[in-house]
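Down below is the structure, laid out as structure tokens.
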Amino acid sequence: MKIGFVAFSIAAAVAWIVLFYFSAQAVAAMGLNAAGPTFFAQFGHPWRAQFGADFTIHLLFAAAWMIWRSPSWILGIVFAVLAINFGALFTLPYILIAAWRGGGIESLFVRPARGR
1 MKIGFVAFSI AAAVAWIVLF YFSAQAVAAM GLNAAGPTFF AQFGHPWRAQ FGADFTIHLL
61 FAAAWMIWRS PSWILGIVFA VLAINFGALF TLPYILIAAW RGGGIESLFV RPARGR
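Structure, rendered in structure tokens:
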């Protein structure tokens with residue numbers, strides 16, 4: 001196994017743990033229902049709007065990538081919805097599992113054959 005892939009896997013796992021901690025703190029303090037209004041309210045500030053737009057575009061492109069590389073459209077759409085709603089909490093494990101199954105990071109850029 002390549003050292004770069006191991007380093008990537010460790011970094012992604014640590015990032016997921018940190019994000020999970022902050023997400024758990026947010027849910028405990030404000031509840032799940034506050035996520036949407038809090039996110040969209042930040043579009044009133046120019047720099048927060050820039051960050052929110054950047055983040056939204058990133059999520060949409062990550063979701064499109066998941067649909068593209070998924071072995072079935074239905075599974076791809078399920079993954080895309082999870083990525084959009086859960087962000088890196090879903091995307092990081094998806095990337096790690098896909099890379100491990102494919103044998104390395106390079107496999108993330110190859111579209112598996114669809115079973116149709």
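Sequential numbering of the sequence shown, starting at 1, is according to the UniProt record's numbering. Every residue gets a Cβ at the ideal spot worked out from N, C-alpha and C, and that includes glycine.
Within 7 Å, strictly: CB atoms of residue i and residue j
i	j	result
I67	A80	yes
P112	P71	yes
F43	G104	no
A83	A64	no
Backbone CA spacing between residue i and residue j [nearest angstrom]
i	j	result
R116	M30	Note that R116 scores 46 on pLDDT, short of 50, meaning its location in the model is unreliable and no value can be drawn from it.
T38	Q25	15 Å
N85	E106	26 Å
V27	I17	15 Å
V78	I3	32 Å
Y94	Q50	26 Å
L59	L75	17 Å
V21	A53	A small fix is needed here, since residue 21 is Tyr in this sequence, not Val. Their Cα atoms are separated by approximately 24 Å.
T56	L32	18 Å
A41	F8	34 Å
L19	R48	19 Å
A34	F90	19 Å
Closer than 8 Å is the cut-off here; do at least three beta carbon pairs connect the segment 90-104 with the segment 9-28?
In short, these stretches touch, since the Cβ pair count reaches three.
At what residue ranges does the segment 4-77 contain a whole run of the beta strand (DSSP E), taking only runs of 3 or more?
List check, beta strand (DSSP E) in window: nothing returned.
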